[in-house]
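Heads up, the thing below is written out as structure tokens.
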Amino acid sequence: KSVAKDLADGPDQITVIQKKNGLEIEDLTPMLEFLDSMGVGRGSVYSRILERLMEKILSRIPSLSADEREGLLANSLPYAHVYELRPIVHKALFFMKQQRMPNQLVSQFPRKFKDQDLYLPDWAKYQVWEHNRDYGLRQLREVVVRYIRSFERGDHGVKTGKNGDATGAGKSKSSSSSVPSLSKSEEGEGGDPLTELVEAGQYSGRLYHAILGITRGGFKQMDNYNYCRLRLDLLLGCAYKLRGKGNVNKDSCQRLAMVLKDCRSQRQISCANAERMLRMISEVPSKHPVLGDMAMILAHPEIRMLLRRGIVRLLGAEVSNRRLPNECKEITALSKLLLLSHNARTLMTSEDFPKPKMQGAALNVFYTAIAQMMAAKLLGETMTIKIGMLKVLSRAIKTSGVAQELTMAFLARAARMLDDNMIRNLLPIVAKLKLTPDEAVWQFISALNTWKKRLPSKLKSIEDVVRKWGSRCGVAEKIIPLFGDEGLSS
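Sequential numbering from 918 applies to the sequence shown in the numbering used here.
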């Protein structure tokens, strides 16, 4: 600031500035004119002078007294965001006793040093967040938002919508208001947001619980399943670092997370793991808040996908083996887990945490109807469901949360198996209920794309129901390339 003020008075102040900064040569004007004639920019000269001054300051920091270092830090903190001056701040912090900043400096960050903590070493940044509760919550909330948006922008190789599922090759299905706006640029100094959140949680139990509060609140307010993704990913990151300290097995949520970690690595949820998770859930008393957290963990988009995929695979196997779906214990176990994940937001918003009911009758109707259509395809028959039965099936899907989760998954399987009969019977129900598009929708459309090349006549036979479903469920723009603007009939 002093230099800028002097420069405002014109070039005559150059000599004065040189003297102020300890330059012994009385007048550098002849040298500067010589460098000008050689094509050396004036800016590069002063940059070099600044570098030499920086080297001098940094070399003296280890020999300063504690009070002198603290004074240097206090004077340097307002400029931590300046890349060229940041080494002074970091070097002064490096020699702080027990890696702790003085409390009188830490307490000034919300006002005097606002946002300068983002450019400090991690331990100093987390100390600031822990000491200043409201300020720390604001900074943590921005890191959480950066994590959510990293998935919606496709930074991890896949774009997702509010339900956390992949949105295919198109744009994210979530609106711009699905997460709050950032006050700072998303391209700022922050690194990987999940790593930052895990390390903050490991630094302090207070910060860990603050992150959980932000995650729960964000899910309740935004209905964005990427918050459920964060809930599980945060647990897995912390559980990994906590291993060996004897406290992993004390937390029901962490025990559930460790089982799901194995399921994710195996890309399936086995019957044994499903039963283990159900036992953990049954141990939690009804209306206990932990039940809401467990539901959030199960609502992780990858876990929901594995649950749906497992049920679809098992039901197909049961039909092939000529067995009734209600006789398969594994389907029942996966259905219960899927129901809890489906009700995650209801549990969190109600804050009553009741254990969700299965609606077994409606689910049996749904599974039986799906099994009959699968069997018809297996036998090479055409099955037309009567209007009365369609009403019963539609009511069952509307009543059962599990059926709503699975309907598009079974339709995606039907598209892969070239089962136009199931598509004709089931897709109008989906169109009428206007179910929210999820990952299975993009799988369904992708499978129909193969029909366009291999079986155009079969695709034409379901054109009306597909177009009507696309317009009612908000995916019409994805359907147009299948048929063209005028449809196959043109």
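Even for Gly, the Cβ is constructed at its ideal location relative to N, Cα and C. Source: prediction; values computed, not measured.
### Query
Relative to the C-alpha of residue 1225, which residue among 1294, 1124, 1248, 1203 is closest?
Ranking the options by Cα distance to residue 1225, first place goes to 1248.
### Task
Go ahead and label residue 1371 buried or exposed: buried means 16 or more other beta carbons lie within 10 angstroms of its beta carbon, across all protein chains shown.
So residue 1371 counts as exposed.
### Query
The alpha helix (DSSP H) with residue 1020 in it runs from where to where?
Here the alpha helix (DSSP H) through residue 1020 covers 1020–1023.
#### Entry: Any alpha helix (DSSP H) of 4 or more consecutive residues that is wholly inside the stretch 1291–1370
Fully enclosed alpha helix (DSSP H) runs of no fewer than 4 residues occupy 1304–1316, 1318–1333, 1337–1350 of the stretch 1291–1370, in order along the chain.
### Query
Whose C-beta lies closer than 6 angstroms to the C-beta of residue 1132 among residues of the same chain, with five residues either side of it excluded?
The residues 1144, 1147, 1148, in chain order, have a CB closer than 6 angstroms to that of residue 1132 in the same chain once the five nearest residues on each side in sequence are set aside.
### Query
Quick one: is residue 1337 buried, meaning 16 or more other Cβ sit within 10 Å of its Cβ, or exposed?
Counting C-beta atoms within 10 angstroms of its own C-beta, residue 1337 has 16 or more neighbours from the protein chains shown and is therefore classed as buried.
### Query
Below 7 angstroms between beta carbons: does that hold for residue 1302 and residue 1366?
Not closer than 7 angstroms, so no.
### Query
Sorted by chain position, which residues of the same chain lie with C-beta nearer than 7 angstroms to residue 1103's C-beta, five sequence neighbours on each side aside?
Note that residue 1103 scores 37 on pLDDT, short of 50, meaning its location in the model is unreliable; the coordinates nonetheless yield the value given after this. Within the same chain, residue 1103 has close Cβ partners 1063, 1066.
### Query
Relative to the C-alpha of residue 987, which residue among 1120, 1012, 972, 964 is closest?
Closest in C-alpha terms to residue 987, from the list 1120, 1012, 972, 964, comes 1012.
### Task
Grab me the residues of residue 1349's own chain with a C-beta within less than 7 angstroms of its C-beta, minus the 5 sequence neighbours each way, in chain order.
The answer, listed in chain order, is 1311.
### Query
Residue range of the alpha helix (DSSP H) that residue 1045 falls in?
Residue range 1039–1048 is occupied by the alpha helix (DSSP H) that includes residue 1045.
### Query
Does the beta-carbon of residue 1272 have 16 or more other beta-carbons within 10 angstroms, so that it is buried, or is it exposed?
Buried, since its Cβ has 16 or more Cβ neighbours within 10 Å.
### Task
With a 10 Å radius around its C-beta and 16 neighbouring C-beta atoms as the bar for buried, classify residue 1185 as buried or exposed.
With fewer than 16 other Cβ atoms within 10 Å, it is exposed.
### Query
If you count every other CB in all the chains shown that lies within 10 Å of the CB of residue 1115, and 16 or more means buried, which is it?
Residue 1115 is buried by the Cβ-count criterion.
### Task
Identify whether residue 1200 lies in helix, strand or coil by the three-state DSSP scheme.
The answer is coil: DSSP assigns residue 1200 none of H, G, I, E or B.
### Query
How long is the line joining the alpha carbons of residue 1313 and residue 1126, rounded to whole angstroms?
Answer to the nearest angstrom: the Cα atoms are 40 angstroms apart.
#### Entry: Selected residue, minimal CA-CA separation from residue 1333, among 1055, 1263, 1362
Distances from the CA of residue 1333 to each of 1055, 1263, 1362 were compared; the closest alpha carbon is that of 1362.
### Query
Pick from 1219, 1232, 1029, 1017: whose alpha carbon is nearest that of residue 1047?
It is 1017 whose Cα lies nearest to the Cα of residue 1047.
#### Entry: residue 1117 versus residue 1318: straight-line alpha-carbon distance, rounded
In this model, residue 1117 and residue 1318 are separated by some 36 angstroms (Cα to Cα).
### Task
Would you tell me roughly how many angstroms separate the C-alpha atoms of residue 1351 and residue 1306, rounded to the nearest one?
Each residue's Cα considered, the two are about 19 angstroms apart.
### Task
Would you kindly check if the distance between the Cβ of residue 1258 and the Cβ of residue 1215 is under 7 angstroms?
Yes, Cβ-Cβ distance for residue 1215 and residue 1258 is below 7 angstroms.
### Task
Under 8 angstroms by Cβ, that's how I've got residue 1330 and residue 1236 pegged, so tell me the actual separation to the nearest angstrom.
The Cβ separation is near 11 angstroms, so there is no contact.
### Query
Looking at C-alpha atoms only, which residue of 1394, 1179, 1400, 1200 is the closest neighbour of residue 1381?
The option with the nearest alpha carbon to residue 1381 is 1400.
### Query
Three or more beta-carbon pairs under 8 angstroms between the stretch 947–961 and the stretch 977–994, yes or no?
As far as the Cβ criterion goes, the stretch 947–961 does not touch the stretch 977–994, which means the pair count is below three.
### Terminal residues of the alpha helix (DSSP H) in which residue 1250 lies
Segment 1246–1259, the alpha helix (DSSP H) holding residue 1250.
### Query
With a CB to CB cut of under 6 angstroms and the five nearest residues on each side skipped, what residues in its chain are close to residue 1251?
If we look at residue 1251 and ignore the five residues flanking it on each side, its Cβ neighbours are 1191, 1224, 1227, 1228.
#### Entry: Status (buried if at least 16 other CB within 10 Å, exposed otherwise) for residue 1199
Label assigned to residue 1199: exposed.
#### Entry: Buried or exposed by the 16-neighbour rule on C-beta atoms within 10 Å, applied to residue 1086
For residue 1086, the predicted model reports a pLDDT of 42, less than 50, meaning its position is unreliable; a value from the coordinates is still stated below. Residue 1086 is exposed by the Cβ-count criterion.
### Query
Taking Cβ to Cβ, would you say residue 1256 is nearer than 7 angstroms to residue 1211?
Not closer than 7 angstroms, so no.
### Task
Could you spell out where the alpha helix (DSSP H) holding residue 1017 opens and where it closes?
That residue, residue 1017, is in no alpha helix (DSSP H); it is neither H nor E in DSSP.
### Message
Along the chain, where does the alpha helix (DSSP H) containing residue 1183 start, and where does it finish?
### Response
Counting along the chain, the alpha helix (DSSP H) containing residue 1183 begins and ends at 1169–1183.
#### Entry: residue 996: first and last residue of the uninterrupted alpha helix (DSSP H) it sits in
No alpha helix (DSSP H) contains residue 996, which DSSP labels as neither H nor E.
### Message
Just to confirm the assignment: which complete alpha helix (DSSP H) runs, minimum length 4, are found wholly within the stretch 1123–1163?
### Response
The stretch 1123–1163 contains these whole alpha helix (DSSP H) runs: 1143–1159.
### Message
Assuming the contact rule is C-beta atoms closer than 8 angstroms, residue 1006 and residue 993 should be a hit. Round their C-beta distance to whole Å, please.
### Response
Their Cβ separation, rounded to whole angstroms, is 5 angstroms, which keeps residue 1006 and residue 993 in contact under 8 angstroms.
### Query
Where residue 1014 and residue 984 are concerned, what is the direct C-alpha to C-alpha distance, given to the nearest angstrom?
Rounded to the nearest angstrom, the two C-alpha atoms are 12 angstroms apart.
### Task
Have a look at 1217, 1109, 1232, 1202 and flag the residue whose alpha-carbon is nearest the alpha-carbon of residue 1152.
Of the candidates 1217, 1109, 1232, 1202, the one whose C-alpha sits nearest the C-alpha of residue 1152 is 1217.
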